[in-house]
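Novice: Residue numbers (this note's numbering), protein chains in the order written: chain X, 15 to 479; chain U, 15 to 479.
Glycine included, each C-beta is placed from N, C-alpha and C at the ideal position.
2 protein chains.
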Amino acid sequence: MAEKHPEIDQVIAKLSKLLGDRCSTAAAVRDQHGKDESWHTVEAPDAVCFATSTEEVSAIIRICAAHKVPVIPFAAGTSLEGHVNAVAGGISIDLNHMNAILRVSPEDLDCTVQPGVRRKQLNEYLRDTGLFFPVDPGADASIGGMASTRASGTNAVRYGTMRENILSLKVVLPDGRIISTGHRAKKSAAGYDLTKLYIGAEGTLGIITEITLRLYGIPEAISAATVSFPDIEGAVQSVIQTIQNGIPVARIELLDDVQVDAVNRYSKLDLPVQPTLFLEFHGSNASVREQAEQVSAICRDFGAGDFQWTTQAEERTKLWQARHDAAYAAIALRPGASLWATDVCVPISRLADCIRETKKDLDESFLVAPLVGHVGDGNFHLCFVIRKEDPAEMAEAERINARLVERALSMDGTCTGEHGIGLGKIKYMHLEHGEAVEVMAALKQALDPDNIMNPGKIIPARAAE
Amino acid sequence: MAEKHPEIDQVIAKLSKLLGDRCSTAAAVRDQHGKDESWHTVEAPDAVCFATSTEEVSAIIRICAAHKVPVIPFAAGTSLEGHVNAVAGGISIDLNHMNAILRVSPEDLDCTVQPGVRRKQLNEYLRDTGLFFPVDPGADASIGGMASTRASGTNAVRYGTMRENILSLKVVLPDGRIISTGHRAKKSAAGYDLTKLYIGAEGTLGIITEITLRLYGIPEAISAATVSFPDIEGAVQSVIQTIQNGIPVARIELLDDVQVDAVNRYSKLDLPVQPTLFLEFHGSNASVREQAEQVSAICRDFGAGDFQWTTQAEERTKLWQARHDAAYAAIALRPGASLWATDVCVPISRLADCIRETKKDLDESFLVAPLVGHVGDGNFHLCFVIRKEDPAEMAEAERINARLVERALSMDGTCTGEHGIGLGKIKYMHLEHGEAVEVMAALKQALDPDNIMNPGKIIPARAAE
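(1) Quick one: what does DSSP say proline 20 of chain U is sitting in, helix, strand or coil?
(2) Going by alpha carbons, who is nearest to asparagine 259 of chain U out of U/Val360, U/Asn113, U/Val309?
(3) Hey, serine 202 of chain U and glycine 431 of chain X: beta-carbon distance below 8 Å or not?
(4) Along the chain, where does the alpha helix (DSSP H) that runs through glutamate 452 of chain X open and close?
(5) Can you list, in chain order, the residues of the region 137-152 of chain U whose Cβ is nearer than 9 Å to any Cβ on chain X?
(6) Give the residues of chain U in contact with alanine 215 of chain X, contact being defined as C-beta atoms less than 7 Å apart.
(7) Output the distance between the C-alpha atoms of threonine 1 of chain X and arginine 330 of chain X, rounded to the nearest integer angstrom.
(8) Going by the beta-carbon positions, is the gap between leucine 227 of chain U and leucine 181 of chain U smaller than 8 Å?
(9) Can you give me the start and stop residues for the beta strand (DSSP E) that asparagine 3 of chain X sits inside?
(10) Could you check where the alpha helix (DSSP H) with serine 352 of chain U kicks off and where it finishes?
(11) Report the option in U/Asp270, U/Ser237, U/Val274 whose CA atom is closest to the CA atom of serine 301 of chain U.
(12) Which runs of the alpha helix (DSSP H), 4 residues or longer, sit entirely within the region 288-333 of chain X?
(13) In chain U, which residues lie with their C-beta within 8 Å of the C-beta of asparagine 5 of chain X?
(14) Compare the C-alpha of isoleucine 481 of chain U against each of U/Ala366, U/His338, U/Arg348 and name the closest.
(15) When DSSP builds the beta bridges, which residues end up paired with serine 237 of chain X?
(16) Counting only the same chain and skipping the five closest in sequence on each side, list residues whose C-beta sits under 8 Å from that of serine 281 of chain X.
(17) Could you have a look at lysine 28 of chain X and say whether DSSP puts it in helix, strand or coil?
(18) Spell out a yes or no on whether the region 370-380 of chain U and the region 409-422 of chain U are touching, meaning 3 or more CB-CB pairs, one atom from each, closer than 8 Å.
(19) Relative to chain X, which residues along the region 427-448 of chain U have a C-beta separation below 9 Å, given in chain order?
(20) Which residues in the same chain as serine 106 of chain U place their Cβ atom closer than 6 Å to its Cβ, once the five residues preceding and following it in sequence are excluded?
(21) Quick one: Cα of valine 186 of chain U to Cα of valine 360 of chain X, how far?
(22) Measure the alpha-carbon distance for valine 451 of chain X versus asparagine 179 of chain X and round it to whole angstroms.
(23) Alanine 460 of chain X versus chain U: which residues are under 7 Å apart at the beta carbon?
(24) Taking 8 Å as the cut-off, decide whether the C-beta atoms of valine 277 of chain U and isoleucine 369 of chain U are in contact.
(25) Does cysteine 78 of chain U get closer than 8 Å to chain X when you measure Cβ to Cβ?
(26) How should lysine 439 of chain U be labelled, buried or exposed, when 16 other C-beta atoms within 10 angstroms of its C-beta is the threshold for buried?
(27) Work out the CA separation of glycine 158 of chain X and glutamine 128 of chain X for me, nearest whole Å.
(28) Which of the three DSSP states, helix, strand or coil, is assigned to glutamate 138 of chain U?
(29) By the three-class DSSP mapping on this structure, what secondary structure does valine 85 of chain U have?
(30) Scan the region 155-171 of chain U for residues whose Cβ lies nearer than 8 Å to a Cβ of chain X and list them as they occur along the chain.
(31) On the premise that isoleucine 222 of chain X lies in contact with alanine 153 of chain X, defined as a C-beta separation below 8 Å, what is that separation, rounded to the nearest angstrom?
(32) Is DSSP giving aspartate 108 of chain U helix, strand or coil here?
(33) Between leucine 293 of chain X and the rest of its own chain, which residues show a CB-CB distance below 6 Å, the 5 nearest in sequence each way excluded?
(34) Let me know if glycine 387 of chain X comes out buried or exposed under the rule of 16 or more other beta-carbons within 10 Å of its beta-carbon.
(35) Which residues bound the beta strand (DSSP E) around serine 67 of chain U?
(36) Reducing DSSP to helix, strand and coil, say where glycine 159 of chain X ends up.
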């Protein structure tokens, strides 16, 4: 646990004066804000402030900045690499009260929301407008957290990630100043791209308090299917061929046999326990039919069975909820266990090699780790189902994870496609980026010279010094 | 003209030793490298170095950095806001010899090129692979320059701009170190997005020496058409409706009557001299037909005549070459005149208002300025055809341009959709970005503390101090 900051009591006194009982030092509240959904051990902040406006976030940060006390943003707490853990103590700013949808412009296909808005809340709100927001990580994450971790999901192969779907941000800087990173024009060549700098910065350069998002019209036709393969190789090759042929699939998701088994149990499905693709097609009636026929023919070439169609909207929702719950289904395989979810992303031409070698590691290991992924992007996950208390299990997960990361990097890929760096991947930053880490450290130093914004994340200690 | 740097002779001596006659101080060479296609007056560098490799760019920059001498990258020289002018003297690095296509991966739909590769050269090279690179500013620009100015073009409405189509960059930093900003994975959540930071940085943070680009399969079917309208309002409303309906047009370009007249003369077309849309549809045969029918119906609703189809590939090429030559066609209206091309971008819901008010300004002015644009993105251009020698003409262009920018900003737009800041728009940076300019200045200071990389661009003097 971090040593107590010498001025923390003064800071908490000032914050309590500002916020009343919206500044809490209760142990249960602090513990809840000191961890996410990963295996990382709770590291509680010294206090939690429940903010209600951009100006209040600014006021909180100004108090913390004056005393060089760490500040960590928090909303849904569904990150997967220890992003919110208060490794140096300090103040957690809870943004869940900032959950208003501020503006929807159907004619411009965009909207502006506060960071505490959840992705499901947004899509429920939008339903009557005929629009939707496509980015969908497994959890019902907050839009602010999704922006900060550069989140992605099942629709990214067609609609892109948070990176492609944010037009601009409002940000409170590490000294409390408030900026807008851009406007609502669809494109701009006016200066440095601050919007993209803050997307994926994991709260280390400031706190996002408003997000302007792109929206899409709900397609005229949507159809979903599952298709099973005798081996994982055939499933992966079908995905590669589909992408290389430029077929604009909306979703193309792989679950290995272990994951299908877990999903069947958790979500009460009865899929054949084989490597399986979950597919969805968006477009006009004619184009959806055309796409489905093309993909079906490819899958047959690689030994697949028939497409199992889910024609009803409710069935479709059930199918995708099951996919989104894949990680929870994995944990449920072993009561009392924890989740260690990792992800990598490689060029699609290397995906089959990467998955084959990874499955070989798993076959030779005593650990259980379902494999699931947004394979249309070359992105896949392992979910280690482990007992954190068992050093042998932790060491084995660490070993397989390290081999996975090194394998992805050797294939010109990345150590994380969508989960982010947080605490868990920080040790791979130099291996992936080399000297570029020093550039990131220089940017961090320029904007946050006292290293108060979510310290200990993204920038490895050596580079941060 | 800039005062001579006290150590420039030493620097040129070292560079001549390094490069031999690839370091030139000839007046004609220096003048050619001291201007782009804009109205800005030549400001020549003290010498021009013709680099042949990343390592050589690094060596040149190390010499300049040791003496704090400015460095300006140069390739096609087709920028439009004075981006390459050597306002503080220094060394121009000409990258035209670095024009190799290093790698094409059809299975990953990507390639890596050197910065001097031209966009037409790349597409000619790719033709046999069945792939193409969509970003197409009017000029036959270099890929390095397009990256540095966040360029765009007629295909952006469907395929995005340089921002969306670059996977990673190799960059020489202001101190000569070489970094890669990323890998070939389609997405990554591993640290700050340095790729996006360098896209649009206009050479102020380093020099791009390799670019990894996304490619696309040439569509099964392509069809192009023109359609004329009795008034510009109908043309703009048709575009807005098309975008709001989510029809995936590949290109939807507006030319006002003045521009159509110029294009007819310059490119030997015989279009009716009326506001006109140039359209292109990409997809399967069925989807192209479907899209064309939908857009045609919308245009009829807004008073258009029939679509004029260009079915032959050569006719189509001629049509789009004419569109790309719009600026040259504008200059040709008035022999001896110069071009002052400006552009703004607004949310599509404000496009009709923005164009209407701008046309009113032009109707009331004595200047000739065709209006043309990538209106599907809310982005349009004015091309002032002016005599630079005439202060009254320059003042009038300045006045109308200022009103255009202020109008776009008041509509939550941007002062430039695709041309960039350079010298010409720097005065609007504070108006557009407010306090965020200070953040940009802090980033610049962190990476280039001696302000040697293309000084005088993007960051206004007050913020740069």
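Specialist: Reading from the atomic positions:
(1) Along the second sequence, read from residue 1 onward, the residue named residue 20 of chain U stands at position 6. Proline 20 of chain U: coil per DSSP, three-state reduction.
(2) Numbered from 1 along the second sequence, position 245 holds the residue referred to as residue 259 of chain U. Considering only alpha carbons, the answer is U/Val309.
(3) Along the second sequence, read from residue 1 onward, the residue named residue 202 of chain U stands at position 188. Along the first sequence, read from residue 1 onward, the residue named residue 431 of chain X stands at position 417. Yes, the Cβ-Cβ distance between serine 202 of chain U and glycine 431 of chain X is below 8 Å.
(4) What you label residue 452 of chain X is simply residue 438 of the first sequence in a count that begins at 1. Run containing glutamate 452 of chain X: 450-461, per the alpha helix (DSSP H) assignment.
(5) none
(6) The residue you call residue 215 of chain X lines up with position 201 of the first sequence. Near alanine 215 of chain X (Cβ distances below 7 Å), the residues of chain U are Tyr206.
(7) Not covered by the structure: residue 1 of chain X. The range shown for chain X is 15 to 479.
(8) What you label residue 227 of chain U is simply residue 213 of the second sequence in a count that begins at 1. What you label residue 181 of chain U is simply residue 167 of the second sequence in a count that begins at 1. Yes. Within cutoff.
(9) Given a span of 15 to 479 for chain X in the structure shown, any question on residue 3 of chain X remains unanswerable.
(10) By one-based count along the second sequence, residue 352 of chain U stands at place 338. Per DSSP, serine 352 of chain U lies in no alpha helix (DSSP H) segment; the continuous beta strand (DSSP E) that holds it begins and ends at 352-359.
(11) One-based indexing of the second sequence puts residue 301 of chain U at position 287. Ranking the options by Cα distance to serine 301 of chain U, first place goes to U/Ser237.
(12) 299-315
(13) Here chain X has residues from 15 to 479 only, and residue 5 of chain X is not among them.
(14) Missing from the structure shown is residue 481 of chain U; chain U here goes from 15 to 479 and no further.
(15) Here residue 237 of chain X refers to the residue found at position 223 when the first sequence is read from its first residue. Answer by DSSP bridge pairing, in chain order: X/Phe295.
(16) Against the first sequence, residue 281 of chain X aligns to sequence position 267. If we look at serine 281 of chain X and ignore the five residues flanking it on each side, its Cβ neighbours are Lys332, Gln335, Ala336, Asp339, Ala343.
(17) Residue 28 of chain X sits at position 14 when you count from the first residue of the first sequence. In the structure shown, lysine 28 of chain X sits in a helix (DSSP, three-state: H, G or I).
(18) Yes, the region 370-380 of chain U touches the region 409-422 of chain U.
(19) Cβ contacts with chain X: Gly427, Thr428, Cys429, Thr430, Gly431, Glu432, His433, Gly434, Ile435, Lys439, Tyr442, Met443, Glu446, His447, Gly448.
(20) Start at 1 with the first residue of the second sequence, and residue 106 of chain U comes out as number 92. Excluding residues within five positions, the ones whose Cβ falls inside 6 Å are His47, Pro59, Val62, Ile86, Phe88.
(21) The residue given as residue 186 of chain U occupies position 172 in the second sequence. The residue given as residue 360 of chain X occupies position 346 in the first sequence. For valine 186 of chain U and valine 360 of chain X, the distance between alpha carbons rounds to 25 Å.
(22) In the first sequence, counting from the first residue as 1, residue 451 of chain X sits at position 437. In the first sequence, counting from the first residue as 1, residue 179 of chain X sits at position 165. Whole-angstrom Cα-Cα distance: 26 Å.
(23) Counted from its first residue, the first sequence places residue 460 of chain X at position 446. Result: Ala456, Leu457, Gln459, Ala460.
(24) In the second sequence, residue 277 of chain U corresponds to position 263, counting from 1. In the second sequence, residue 369 of chain U corresponds to position 355, counting from 1. Against a cut-off of 8 Å, the Cβ pair of isoleucine 369 of chain U and valine 277 of chain U comes out as no contact.
(25) Along the second sequence, read from residue 1 onward, the residue named residue 78 of chain U stands at position 64. Cysteine 78 of chain U does not count as touching chain X.
(26) Position 425 of the second sequence, counting from 1, holds the residue named residue 439 of chain U. It is buried - the Cβ of lysine 439 of chain U has at least 16 other Cβ atoms within 10 Å.
(27) Sequence index remark: in the first sequence, residue 128 of chain X carries index 114 (1-based). Sequence index remark: in the first sequence, residue 158 of chain X carries index 144 (1-based). Using only the alpha carbons, I get a separation of about 7 Å.
(28) The sequence position of residue 138 of chain U within the second sequence is 124, counting from 1. Note: glutamate 138 of chain U maps to helix in three-state DSSP.
(29) As a working note, residue 85 of chain U is residue 71 in the second sequence. Of the three classes helix, strand and coil, the one that applies to valine 85 of chain U here is strand, per DSSP.
(30) Cβ contacts with chain X: Thr163, Arg164, Ala165, Ser166, Ala170.
(31) Counting from 1 along the first sequence, the entry for residue 153 of chain X is found at position 139. Counting from 1 along the first sequence, the entry for residue 222 of chain X is found at position 208. Contact flag wrong, Cβ pair sits at about 18 Å.
(32) As a working note, residue 108 of chain U is residue 94 in the second sequence. Of the three classes helix, strand and coil, the one that applies to aspartate 108 of chain U here is strand, per DSSP.
(33) Position 279 of the first sequence, counted from the first residue, corresponds to residue 293 of chain X. Here the set comprises Ala239, Ile266.
(34) Along the first sequence, read from residue 1 onward, the residue named residue 387 of chain X stands at position 373. Classification of glycine 387 of chain X: buried, given that the 10 Å Cβ count is 16 or more.
(35) Position 53 of the second sequence, counted from the start, is the residue given in the question as residue 67 of chain U. Element bounds for serine 67 of chain U: n/a, residue is neither H nor E.
(36) Against the first sequence, residue 159 of chain X aligns to sequence position 145. The answer is helix: DSSP assigns glycine 159 of chain X an H, G or I state.
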